[in-house]
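Enquirer: The opening residue of the sequence shown carries number 2 in our numbering; numbering runs sequentially from there. Glycine residues also receive a C-beta, built at the ideal position from the N, C-alpha and C atoms.
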Amino acid sequence: MKNNAEVVIIGGGIIGCATAYYLAKEGVSVIVLEKSDYIGNGGSSRNGGGVRQSGRDPRELPLAMYAVEHMWPTLSEELGVDVEYHKEGNLRLGKTAKHKEILQGLTDRAVALGLDVRMIDGKEVREINPYLSDEITVASWCPTDGHANPLVATLGFYKRARELGAEFITGEDVLEIQKIKGKARRVVTAENVYEGETIVLASGYESRSIAASVGIDIPMRKELIEALVTEAEPKMFPQMLGTADADFYGHQTNHGSFVFGGASGFEAENRDNGHMITSSITAPCICRGIMKYIPKLADAKIVRTWAGYEDLCADGVPVLGPVKEVPGLLLACAFTGHGFGISPIVGKLLSELAMGKETTLDLHELRYDRFQAVI
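1. Exposed or buried, which one is Glu311 when buried takes at least 16 other CB atoms within 10 Å?
2. Would you grab the beta carbon distance between Gly95 and Val139 for me? Rounded to a whole angstrom, and I think it's under 8 angstroms.
3. Ala113 by DSSP, collapsed to three states: which one?
4. Contact check, Val84 vs Ala149 under 8 angstroms by CB: the rounded distance?
5. Let's test the definition: count the other Cβ atoms within 10 Å of the Cβ of Asn130 and tell me whether it reaches 16, buried, or not, exposed.
6. Quick one: residues in its chain with C-beta nearer than 6 angstroms to the C-beta of Glu61, no 5 flanking neighbours on either side, listed in chain order?
7. Would Tyr39 be called buried (16 or more neighbouring beta carbons within 10 Å of its own) or exposed?
8. When DSSP labels each residue in this structure, what does Gly340 get in the three-state scheme?
9. Mark Lys349 as exposed unless 16 or more other C-beta atoms lie within 10 angstroms of its C-beta, in which case mark it buried.
10. Quick one: is the Cβ of Thr75 within less than 8 angstroms of any heavy atom of the ligand SAH?
11. Looking at the structure shown, is Thr202 part of a helix, part of a strand, or coil, going by DSSP?
12. From the DSSP output, in three-state form, read off His252 for me.
13. Exposed or buried, which one is Val175 when buried takes at least 16 other CB atoms within 10 Å?
14. Which runs of the beta strand (DSSP E) spanning at least 3 residues fall entirely within the segment 285–360, listed in chain order?
15. Starting from Ile15, trace the beta strand (DSSP E) both ways and give me its first and last residue.
16. Assign Ser281 to one of two classes, buried (16 or more other C-beta atoms within 10 Å of its C-beta) or exposed (fewer than that).
17. Less than 6 angstroms between C-beta atoms, sequence neighbours within five positions excluded: which residues of the same chain meet that for Ser208?
18. Helix, strand or coil for Gly222, going by three-state DSSP, please let me know.
19. In the DSSP assignment, find the unbroken beta strand (DSSP E) run with Arg371 in it and report its ends.
20. Report, in whole angstroms, the separation of the C-beta atoms of Ala284 and Glu232, which I expect to be a contact under 8 angstroms.
21. Would you mind stating whether Ile303 and Ala264 have Cβ atoms separated by less than 9 angstroms?
22. Name the one or two DSSP bridge partners that Leu34 has.
23. Compute the distance between the beta-carbons of Thr155 and Val8, then report whether it is under 9 angstroms.
24. Using DSSP with H/G/I as helix, E/B as strand and the rest coil, what is Lys3?
25. State whether the segment 74–84 contacts the segment 114–122, with contact taken as three or more CB pairs (one from each stretch) at a distance under 8 angstroms.
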């Protein structure tokens, strides 16, 4: 095992794996360090699989639109695995005047940037998806949104990156980044020291403490979310669903099971030997919402639930790109639950930055220095 490469990536989730793939594809040597014993054992295997453009902040919407138009449609062929990508629309549902206000604001901002999304009433909602309840009075509808399988996509990037020469090392708990002559150069783990010309930090909420080792304080916090999967049901609808309040979101998989995610606001302490634990509160809370929106699923059997932490940024969008104070360091964290859908373009952009190339899209509004005080 060698301990140096042109690029060292901290974090073996879909962002780290995608970045490794696009770098290895260009012949760049890469080492990926993952704290867990398993690739994708963070948010990459704990999300609802949405590939959506609607409902995004205008600063990150161009990334989502680019990924949907140029990357997701051919990703299965590129990675050699079926990522189960479906581009069959997203309904973001509402019941109240407040919901309508939220959805209208999101829609107006997206339309201004060229996204095909519009407001529809309850009647049109049920024309698109007849399984939805009469309680729904309004929704936003984006026909070019969709969903995919997060675990398969993550492992697809991992598999192709390895085939192209990227090295993945699991069970490596990163303690700190060290600077040499003012530049980020070393990654110190509990057992080893790794060196690279560029270091990419993409390890979810744990990015905050690692970045702090070189004096960078990323304004982010973590929030526990849970997901659940049902037994296979007859095919019902292909759309991705969400709500104005984001109390649940999900879709029906190729297998027929439904995967839903959400939160109750209840924060359980992690007491299960380092594993994310579920509570007896959150899944029932999510299910009550689901049954009101999709009554036909009232008797669907849940086969398992799992939990994980979102890394929430103070202003709701990711921190992406270089850090002026620490040359050689690239940040890719604080995705606020929005990372999966933009992961292909984020991996591509990070690889371009690491290679010193002009980036496909402008990342200025997502850089860390947006938090600097204006004097």
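Expert: To lay it out plainly:
1. Result: buried.
2. That belief holds up - the Cβ atoms of Gly95 and Val139 are roughly 5 angstroms apart, short of 8 angstroms.
3. Looking at Ala113 - three-state DSSP - the assignment turns out to be helix.
4. At roughly 5 angstroms, the Cβ-Cβ gap stays under 8 angstroms, so Val84 and Ala149 are in contact.
5. Counting Cβ neighbours within 10 Å, Asn130 comes out buried, since at least 16 surround it.
6. When the five nearest sequence neighbours on each side are left out, the beta carbons in the same chain lying within less than 6 angstroms of the beta carbon of Glu61 are those of Val318, in order along the chain.
7. Tyr39 should be labelled exposed.
8. Of the three classes helix, strand and coil, the one that applies to Gly340 here is helix, per DSSP.
9. Around the beta carbon of Lys349, a 10 Å sphere encloses 16 or more other beta carbons of the protein chains shown; the residue is thus reported as buried.
10. For the ligand SAH, the structure offers nothing, since it holds no ligand at all.
11. In the sequence on display, residue 202 carries Leu and not Thr. Residue state, collapsed to three classes: strand.
12. In the structure shown, His252 sits in a strand (DSSP, three-state: E or B).
13. Flag for Val175 reads buried.
14. Secondary structure within the segment 285–360: the beta strand (DSSP E) runs of 3 or more consecutive residues, fully enclosed, are 303–314, 320–323 and 330–334 (chain order).
15. First-last for Ile15: Ile15 to Lys26, but that is the alpha helix (DSSP H), not the beta strand (DSSP E).
16. By the neighbour-count rule (16 or more Cβ atoms within 10 Å), Ser281 is not buried but exposed.
17. Counting only residues of its own chain and dropping the five nearest sequence neighbours on each side, Ser208 has a CB closer than 6 angstroms to the CB of Leu202 and Cys334.
18. It should be noted that the sequence gives Arg, not Gly, for residue 222. DSSP, read as helix, strand or coil, puts Arg222 in strand.
19. For Arg371, there is no enclosing beta strand (DSSP E), as DSSP marks it with neither H nor E.
20. Between Glu232 and Ala284 the Cβ distance is about 15 angstroms, and since that is not below 8 angstroms, they are no contact.
21. No.
22. Note: Leu34 sits in a beta bridge opposite Ile11 and Ile170.
23. In this structure, Val8 does not lie closer than 9 angstroms to Thr155 by Cβ.
24. Residue state, collapsed to three classes: coil.
25. No: the two stretches stay apart, fewer than three of their Cβ pairs being nearer than 8 angstroms.
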